[in-house]
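Chemist:
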Amino acid sequence: MQYISTRGEQSPKRFSDILFEGRAEDGGLYVPAAFPRLTLEQIRMMRGLDYAGLALEVMHLFWPELERSTLWKLCRDTYQPEFYPYGRDRIATREVTPITWLHDDVGLLELSNGPTLSFDDISLSLLANIFARGLGETPATMTFLGATTGDMGAAAEHAFAGIPNARVAMLSPQGRMSDWQAAQLYANTPANSVNLAVDGTFDDCQDMVERMLSDREFAKKHGLGAVNSVLWARIAAQIVYYFYAYLQAVENVGEEVVFVVPGGNFGNAFAGWAAKQMGLPILRLIVATNENDAMDRFLRTGVYAPRPASETLATSSPSMDISRAANFERFLYEMLDRNARRTAELMKELETKGSFELTPGEFARVRRSGLASGTSNHANRLEITEHLYVEYGTYVDPHTADAIYSGIYLHPVGVRTLCLETVDPAKFPKIIRQATGHDVPVPEGFEDPRGKPARKTYMPNDFDAVKAFVAEFADKPF
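Note that the numbering used here numbers the sequence shown so that position 400 is 1635, with each residue one more than the last.
(1) Taking the alpha-carbon positions, what's the E1452 to F1366 distance?
(2) Going by DSSP, what residues sit across from D1345 in a beta bridge?
(3) Buried or exposed: where does P1299 fall if 16 or more other Cβ atoms within 10 Å of its Cβ makes it buried?
(4) For K1662, count the other beta carbons within 10 Å of its own beta carbon; 16 or more makes it buried, fewer makes it exposed. Which is it?
(5) Compute the beta-carbon to beta-carbon distance between R1323 and T1629, rounded to the nearest angstrom, for a pair I have assumed lies under 8 Å.
(6) So is S1554 buried or exposed if we call it buried at 16+ other beta carbons inside 10 Å?
(7) Can the beta-carbon of G1507 be found less than 8 Å from the beta-carbon of V1492?
(8) Could you please give me the residues that DSSP links to M1405 through a beta bridge?
(9) Go through its chain and collect everything with a Cβ distance to D1355's Cβ below 6 Å, but skip five positions before and after it.
(10) Just the C-alpha distance for N1527 and K1665, rounded to the nearest angstrom, thanks.
(11) What are the partner residues of L1606, as DSSP defines its beta bridges?
(12) For the beta strand (DSSP E) containing T1335, name the first residue and the last one.
(13) Do you know offhand how far T1657's Cα is from L1346's?
(14) Identify the continuous beta strand (DSSP E) that holds G1460 and give its terminal residues.
(15) Taking the DSSP output, what are the residues bridged to L1264?
(16) Return the first residue and the last residue of the alpha helix (DSSP H) that F1366 is part of.
(17) Hey, would you say I1557 sits closer than 8 Å to D1438, going by beta carbons?
(18) Buried or exposed: L1634, going by 16 or more other Cβ atoms within 10 Å of its Cβ?
(19) Leaving out five residues on either side along the sequence, give the residues of the same chain with a beta carbon under 7 Å from the beta carbon of V1675.
(20) Leaving out five residues on either side along the sequence, give the residues of the same chain with a beta carbon under 7 Å from the beta carbon of P1688.
(21) So is V1331 buried or exposed if we call it buried at 16+ other beta carbons inside 10 Å?
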């Protein structure tokens, strides 16, 4: 299995070579040279495997050079149900990613039952175990650099905590997370991590991270690696739960399902699209956006015109307050029939003009891709949150509410539809109280971070200042 860049000027690499390499040297993102294809019979044979066993089968397709026995130990030690104890009903199920059915056709795929109550735990715990075991072509020491809207940062810092040869530097947008998210990120900072609270938006933070990692000389000198959603290893780990959810949801392999995914950085959505290319019977993948709806407008019109970072709206589903989705380029490359030159041309146009438009022929491929989209606002989120509490006695976070709102209106009647729940509702007590009149409980056994002292460093929205701080932090002796 070889991996190539979406811009076509990077020599093919193996999975082991790109574990913590976000962008290729030509500025593109890594994708498989060809997606592995599975028959329905091969998928049927996966039924009955536990999550770790299924992770082995799927990950081995993308990482064939790793000894199968080594990969099995990695998956087994990462995906034990006791590591994901915060589901709605731990008495009835001991699954890593259980499904809660709201009614016969619509269910919640619970991805936020891990140690930081975020779907990011699923992929980042795997990456941390890979690094700790020295698998693949990883250096002996590394400082992992990332940008977060709250959840990913807490998950990364928890995953790499206690690994003596690893450090984490995390940028976050000051004042653009829920109070609970901010408390979790800043109060639980491990000794080997630092949090930079930047006076800007998430897009500002993400742009700084990409600029530092794209400066190959700087990144090599200071031992920097990526931890954000653009890592192909994270995408591969996310593909696993699409297969696992499908096999839980259908009676007969071959039946089609619909997945609804909160938009964000588009990594989760691209993982679902990749699963579809691998042969998983996905009828439709619905990408849900909030008021920052550049992806919705692109999927409807073929025009990609994200807001400038300074105009990104602050909403009540803050983890989706992203104007330029980092993984969008992967999907664009596929929609351009893997034309690397055209991909590079459009990404350059986006950089210089702030937008681009597909030709009618190119947009036709988007319309045939199996992706649909929807958008919702604060009032819609309140409506869905209240409805689920009144009708089903369950709470959902605002991002899941965005997904359910789009899913209700866009999923075909009679087709089983799974809405991805990417964060625990406990992180958003204000909007849930506003919608339901009740206080959402913190999961039993989980330590509430609110009220703890915050450990963060305030930074101006100044690239040079942030870069200098990261260099100094990375250069400290391990």
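Every residue, glycine too, gets a C-beta built ideally from N, C-alpha and C.
Modeler: From the atom records:
(1) 22 Å
(2) Before going on, a small fix: residue 1345 reads as Glu here, not Asp. BP columns for E1345 point to E1656.
(3) exposed
(4) buried
(5) 7 Å
(6) buried
(7) no
(8) G1381 and N1430
(9) D1386, M1387 and A1390
(10) 21 Å
(11) L1520
(12) I1334 to W1336
(13) 5 Å
(14) L1459 to A1461
(15) R1258
(16) D1355 to A1367
(17) yes
(18) In the sequence as displayed, the identity of residue 1634 is His instead of Leu. When all chains shown are included, H1634 counts as buried.
(19) Y1630, P1660, A1661, P1664 and I1667
(20) A1422
(21) buried
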